[in-house]
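K.L.:
Numbering (our numbering), first residue to last: 1 to 351.
Cβ coordinates follow ideal geometry from the N, Cα and C atoms, glycine included.
These figures come from a predicted structure and were not determined experimentally.
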Amino acid sequence: MNILAIESSCDETAAAVLRDGRTIVSNVVASSHDMHEQYGGIVPEVAARMQLESIIPVITEALKPMQNGAESIFETVKHRIDALAITVGPGLIGSLLVGVETAKTIAALSGKPIIPVNHVLAHMYANFVHNESSHPAPIAFPAISLVVSGGHTELYRMDDERDITWLGGTLDDAAGECFDKAARLLGFGHGGGLAIQQAAATAAANRPVTLPRPILDKKNALNFSFSGLKTAILREVNTLKKSSAYTQETVGLLSREIQEAITDVLVKKTMDAADAFGARSILLSGGVSANQRLREKFEAAAGDIYTLAYPPVALCTDNAVSIGAYAYFRGAAQDWESITAQPDLSVEISS
Ligand code: KG4
Ligand code: ZN
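#1: Are residue 175 and residue 288 closer than 8 Å when you measure CB to CB?
#2: Applying the criterion that 16 or more other CB atoms from any shown protein chain within 10 Å of the CB defines a buried residue, is residue 362 buried or exposed?
#3: Closer than 7 Å: is that where the CB of residue 168 sits relative to any heavy atom of ligand 2?
#4: Tell me whether residue 287, by its Cβ, gets closer than 7 Å to a heavy atom of ligand 2.
#5: Taking buried to mean at least 16 other C-beta atoms within 10 Å of its own C-beta, is residue 51 buried or exposed?
#6: If we count the other Cβ atoms within 10 Å of its Cβ and call it buried at 16 or more, is residue 213 buried or exposed?
#7: Hey, which unbroken runs of the alpha helix (DSSP H) at 4 residues or more fall wholly within the segment 88 to 132?
#8: Which residues does DSSP pair with residue 157 in a beta bridge?
#9: List, from N- to C-terminal side, the alpha helix (DSSP H) runs of 4 residues or more that fit wholly inside the segment 27 to 89.
#10: Can you tell me where the alpha helix (DSSP H) holding residue 196 begins and where it ends?
#11: Could you have a look at residue 12 and say whether DSSP puts it in helix, strand or coil?
#12: Is the separation between the beta-carbon of residue 278 and that of residue 142 shorter than 8 Å?
#13: Any idea if residue 140 is buried or exposed, counting beta-carbon neighbours within 10 angstroms, 16 or more meaning buried?
#14: Taking the CB atoms as reference points, tell me whether residue 62 and residue 17 lie closer together than 8 Å.
#15: Considering only C-alpha positions, which residue in the set 233, 243 and 333 is nearest to residue 255?
#16: Would you say the beta carbon of residue 149 comes nearer than 7 Å to a heavy atom of ligand 4?
#17: Among the residues of its own chain, which have a CB less than 7 Å from the CB of residue 80, if the five just before and after it don't count?
#18: Could you tell me whether the Cβ atoms of residue 229 and residue 240 are closer together than 8 Å?
#19: So, at 8 Å on beta carbons, what are the nonlocal neighbours of residue 310 in its own chain, with the 5 sequence-adjacent residues on each side left out?
#20: Tell me whether residue 19 sits in a helix, a strand or coil according to DSSP, three-state version.
#21: Using the rule of at least 16 other Cβ atoms within 10 Å of the residue's Cβ for burial, across every protein chain shown, is residue 197 buried or exposed?
#22: Is it the case that the segment 256 to 275 contacts the segment 114 to 126, given that we only count it when at least three CB pairs across the two stretches are under 8 Å?
#23: Pull up the DSSP beta-bridge partners for residue 261, would you.
#24: Could you pull out every residue in the same chain whose Cβ sits closer than 6 Å to the Cβ of residue 8, ignoring the five residues on either side in sequence?
#25: Residue 202 to residue 177, Cα distance in whole Å?
#26: Since residue 78 and residue 110 should fall inside the 8 Å C-beta cutoff, what is the C-beta to C-beta distance between them, to a whole number of angstroms?
#27: Taking only the alpha-carbon atoms, compute the straight-line gap between residue 54 and residue 248 and give it to the nearest angstrom.
#28: Cβ-heavy atom distance between residue 335 and ligand 2 below 7 Å?
#29: Identify every residue that forms a DSSP beta bridge with residue 7.
#30: Which residues in the same chain as residue 280 place their Cβ atom closer than 6 Å to its Cβ, once the five residues preceding and following it in sequence are excluded?
#31: Should residue 102 be listed as close to ligand 1, given that the test is whether its C-beta is under 7 Å from any heavy atom?
#32: Taking C-alpha atoms, which residue in 204, 236, 207 and 225 lies nearest to residue 173?
#33: Assuming contact is defined by CB atoms lying nearer than 8 Å, are residue 193 and residue 319 in contact in what I supplied?
#34: So does residue 190 have its beta carbon nearer than 7 Å to some heavy atom of ligand 2?
#35: Please classify residue 257: is it buried, with 16 or more other beta-carbons within 10 angstroms of its beta-carbon, or exposed?
#36: Compute the minimum distance between the beta carbon of residue 318 and the heavy atoms of ligand 2, and state whether it is under 7 Å.
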């Protein structure tokens with residue numbers, strides 16, 4: 001079964017063809033990231049306009065490996081694509097509409113089934129795709145799945161590939177937001193968590209622990225809160241900037257402590273959930289799961305007890321392969337007329 005998947009929920013425009021849920025035929029991602037750097041953040045109208053311009057070229061590129069001779073991309077869809085998968089939310093309304101309306105048009109004209117996809121849930125399905133990961137072992141259930149991205153920090157229990165229960169999420173900011181804010185404060189622009197990771201790697205030693213690890217009370221044992229940590233980072237950066245000790249070395253040390261604080265919390269909560277539910281596997285996904293230190297800490301925590309899985313870096317951040325994988329394993333086709341963009345689509349689902 002060949003699925004053409006399309007993703008446009010934030011500042012990426014992505015399309016992919018996935019065979020039988022696990023084999024990547026193509027994976028194309030165009031980002032307006034650099035453009036937004038000029039504005040100091042994502043400008044929704046700018047993102048949507050760029051996505052309008054890039055969506056057909058991106059889909060065309062994704063269909064290339066399937067194309068026969070000089071046939072049109074429409075003929076390729078008609079003859080060799082079995083279904084479309086489209087992110088319907090959550091995300092920016094203008095961005096979502098670009099993908100949703102394009103996918104609906106292709107579905108309506110080709111008569112192919114179309115499967116609506118929840119972007120946040122889809123992130124975890126990057127772990128079901130064949131990749132070069134050092135953990136190719138099949139995922140044993142139950143699994144605890146941490147989705148950690150720029151807008152979300154969510155924990156789920158998975159009892160099989162379809163059966164997902166939401167366990168908790170952030171009460172305020174997402175972990176990725178905390179990385180992004182810290183990066184901006186430290187002058188790394190729109191570089192986000194990757195810039196913090198790179199600066200942290202320059203630190204020769206651990207800084208003494210100065211930032212809080214917000215763990216929360218029993219009632220919120222599986223929820224997260226990063227706003228206090230964000231404020232503490234702001235305070236630390238300001239103090240450092242005022243002193244004569246604001247150097248590349250101290251910025252590296254602080255970046256390291258920021259990375260330690262965020263990853264400590266993510267690992268602790270996820271491992272608590274794994275213990276509580278007798279999980280056999282731990283799945284990481286979302287942009288922040290690209291973080292090298294986070295992976296190291298999870299490797300150590302999982303040991304031989306849990307199977308640990310995380311996608312290759314390119315499938316941690318936004319992409320359409322995950323969208324296609326979700327559609328294959330958990331999706332249900334709908335009439336194209338009934339599909340709408342849903343910017344506030346809930347991620348707190350139960351099985
Ligand atoms: O999943 P994603 O591409 O987009 C959303 O759905 O939000 O995640 C983007 C987030 C950003 O906050 C970015 O700073 C973070 O992922 N990120 C990282 C790393 N690479 C990307 N955070 C920490 N370390 C990284 N290496
Ligand atoms: Zn995402």
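P.N.:
According to the structure shown:
#1: Walking along the sequence shown from the start, residue 175 turns up at place 175. Walking along the sequence shown from the start, residue 288 turns up at place 288. Cβ distance < 8 Å, so residue 175 and residue 288 count as in contact.
#2: There is simply no residue 362 to check, as the chain begins at 1 and stops at 351 in what is shown.
#3: Start at 1 with the first residue of the sequence shown, and residue 168 comes out as number 168. Checking every heavy atom of ligand 2 against the Cβ of residue 168, none is found closer than 7 Å.
#4: By 1-based counting over the sequence shown, the position of residue 287 is 287. Result yes, Cβ under 7 Å from ligand 2.
#5: Along the sequence shown, read from residue 1 onward, the residue named residue 51 stands at position 51. Answer is buried; the Cβ neighbour count reaches 16.
#6: Walking along the sequence shown from the start, residue 213 turns up at place 213. Classified as exposed, residue 213 has fewer than 16 neighbouring CB atoms from the shown chains inside 10 Å of its CB.
#7: Complete alpha helix (DSSP H) runs here, min 4: 93 to 110 and 119 to 124.
#8: In the sequence shown, counting from the first residue as 1, residue 157 sits at position 157. In the DSSP output, where bridge partners are listed per residue, residue 157 has 144 and 165.
#9: 33 to 37, 44 to 63 and 73 to 80
#10: Mapped onto the sequence shown, residue 196 falls at position 196. Residues 192 to 201.
#11: The sequence position of residue 12 within the sequence shown is 12, counting from 1. Reduced to three states, the DSSP call for residue 12 is strand.
#12: Within the sequence shown, numbered from 1, the residue matching residue 278 stands at position 278. Within the sequence shown, numbered from 1, the residue matching residue 142 stands at position 142. Yes, the pair counts as a contact, with Cβ atoms nearer than the cut-off.
#13: In the sequence shown, residue 140 corresponds to position 140, counting from 1. Exposed, since its Cβ has fewer than 16 Cβ neighbours within 10 Å.
#14: The count along the sequence shown starts at 1 and reaches residue 62 at position 62. The count along the sequence shown starts at 1 and reaches residue 17 at position 17. Yes.
#15: Position 255 of the sequence shown, counting from 1, holds the residue named residue 255. Answer by Cα proximity: 233.
#16: Among the ligands in the structure shown, ligand 4 does not appear; only ligand 1 and ligand 2 can be found there.
#17: Working through the sequence shown from its first residue, we reach residue 80 at position 80. 2 and 66, listed in sequence order.
#18: Taking the sequence shown and counting its residues from 1, one reaches residue 229 at position 229. Taking the sequence shown and counting its residues from 1, one reaches residue 240 at position 240. Not in contact: residue 229 and residue 240 (Cβ atoms no closer than 8 Å).
#19: For the purposes of this step, residue 310 is taken as residue 310 along the sequence shown, with counting starting at 1. Answer for residue 310: 127, 133, 135, 283, 284, 285, 289, 295, 298 and 316, listed in chain order.
#20: On the sequence shown, residue 19 is found 19 positions in, with the first residue counted as 1. Strand, per DSSP.
#21: As a first step, residue 197 must be located in the sequence shown, where it is residue number 197. Buried.
#22: no
#23: For the purposes of this step, residue 261 is taken as the residue at position 261 of the sequence shown. In the DSSP secondary-structure assignment, residue 261 is not bridged to any residue.
#24: As a working note, residue 8 is residue 8 in the sequence shown. The residues are 51, 95, 98 and 99.
#25: As a first step, residue 202 is located in the sequence shown; it is residue number 202 there, counting from the start. As a first step, residue 177 is located in the sequence shown; it is residue number 177 there, counting from the start. Distance between the alpha carbons of residue 202 and residue 177: 22 Å.
#26: To locate residue 78, count along the sequence shown from 1; it is residue 78. To locate residue 110, count along the sequence shown from 1; it is residue 110. Going by Cβ atoms, the distance from residue 78 to residue 110 rounds to 5 Å, so yes, they are a contact pair.
#27: Your numbering for residue 54 matches position 54 in the sequence shown. Your numbering for residue 248 matches position 248 in the sequence shown. Between residue 54 and residue 248, the C-alpha separation is close to 38 Å.
#28: Position 335 of the sequence shown holds residue 335. Not so, every heavy atom of ligand 2 lies at least 7 Å from the Cβ.
#29: Residue mapping note: residue 7 aligns to position 7 of the sequence shown, counting from 1. In DSSP, residue 7 forms a bridge with 14.
#30: Against the sequence shown, residue 280 aligns to sequence position 280. The answer, listed in chain order, is 140.
#31: Residue 102 sits at position 102 when you count from the first residue of the sequence shown. Every heavy atom of ligand 1 is 7 Å or more from the Cβ of residue 102, so no.
#32: For the purposes of this step, residue 173 is identified with residue 173 of the sequence shown, where counting begins at 1. It is 225.
#33: What you label residue 193 is simply residue 193 of the sequence shown in a count that begins at 1. What you label residue 319 is simply residue 319 of the sequence shown in a count that begins at 1. No, they are not a contact pair.
#34: Locating residue 190 in the sequence shown gives position 190, counting from the first residue. No; taking the cut-off as 7 Å, the Cβ of residue 190 has no heavy atom of ligand 2 nearer than that.
#35: Within the sequence shown, the letter at position 257 stands for residue 257. With 16 or more other Cβ atoms within 10 Å, it is buried.
#36: Your numbering for residue 318 matches position 318 in the sequence shown. Residue 318: yes, Cβ under 7 Å from ligand 2.
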